[in-house]
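At the far end of the sequence shown sits residue 519, using our numbering, and the numbering has no gaps. Just so it is clear, CB atoms sit at the ideal spot from N, CA and C, and this is done for glycine as well. Model, not experiment: these values are computed from the prediction. One structure is given here, and the rest of the page talks about it.
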Amino acid sequence: MISIRNMHKTYTDNSAKQAVFENVSYEFNSQGVYSIVGSSGSGKTTFLNLISGLDAFEKGSIEIDGRNLDTLSVEAKSTLRKAEFGFGYQFHYLLENLTIHENCLAACHGQDNSHITSILKKLGIYHIKDKFPSKVSGGEKQRASIARALSKKPRILILDEPTGNLDQENSLIVQDFLLNYASENKSLVIYATHDIAFAKRADKSLNIVERSIVEK
304 MISIRNMHKT
314 YTDNSAKQAV
324 FENVSYEFNS
334 QGVYSIVGSS
344 GSGKTTFLNL
354 ISGLDAFEKG
364 SIEIDGRNLD
374 TLSVEAKSTL
384 RKAEFGFGYQ
394 FHYLLENLTI
404 HENCLAACHG
414 QDNSHITSIL
424 KKLGIYHIKD
434 KFPSKVSGGE
444 KQRASIARAL
454 SKKPRILILD
464 EPTGNLDQEN
474 SLIVQDFLLN
484 YASENKSLVI
494 YATHDIAFAK
504 RADKSLNIVE
514 RSIVEK
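Right, here's the structure in full:
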């Protein structure tokens, strides 16, 4: 589903170029769970942004179902993300003027939303569904962000440190839920994490080493 070939990515800082990825090639299957690990600053978040078309690269290609991101317009990339992707970040990015439940409804874009209640219950946050983000804890916001990402049942789920703000009990709840979601919905789930134990639970774990991707 996601094919990366000879991809290069650099950043320019004060006229000096810094290579983030060099000649990276990798194939993600259309379903399954992949973890991304690497030291701080290695490029985990950048990698997630690249494969979802949120960031640009200089050389090579990234294809989603045969569609080359480099040839798509900004509008076409946005349409692709809306149709295929769900996103969850360490910072929640919830809409503060909507309740938790309304945030999830908004993500459905008019599609069937009957499953949202089940998602909220499985993530242990159904009791806060009518509260605004400012009235819940950081860990609850993070779980709400994941619930919102899953509300439209995306084929591709991209998560950046999805358990970063959670205690061990709630971290395991989220981990189990995400792994079950991928299996039950035959979806592709890709998450970056510092939690090595969580990383090992994926079908495949990818390590960012020396500006490249190594399958562990």
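Rounded to the nearest whole angstrom, the CA to CA distance from residue 430 to residue 412 is 24 Å. Distance from the CA of residue 511 to the CA of residue 367, rounded to the nearest whole angstrom, comes to 21 Å.
Annotation for residue 377: no residue places its beta carbon closer than 6 Å to its own, counting only its chain and skipping 5 residues before and after.
The alpha carbon of residue 381 has as its nearest neighbour, out of 358, 391 and 363, the alpha carbon of 358. Bounds of the alpha helix (DSSP H) holding residue 448 are 441 to 453. Cβ neighbours of residue 315 within its own chain (closer than 8 Å, five residues either side excluded): 321. Look at residue 321 here: in three-state DSSP terms it is strand.
Annotation for residue 437: 399 place their beta carbon closer than 8 Å to its own, counting only its chain and skipping 5 residues before and after. Taking a cut-off of 8 Å on C-beta distances, the region 487 to 501 does not touch the region 421 to 428, as fewer than three cross pairs fall below it. Bounds of the alpha helix (DSSP H) holding residue 384 are 377 to 387.
For residue 375, the closest C-alpha among the options 482, 356, 503 and 388 is that of 356. In the structure shown, residue 306 falls within a strand segment according to DSSP collapsed to helix, strand and coil.
A straight line joining the alpha-carbon of residue 516 with that of residue 329 spans about 8 Å.
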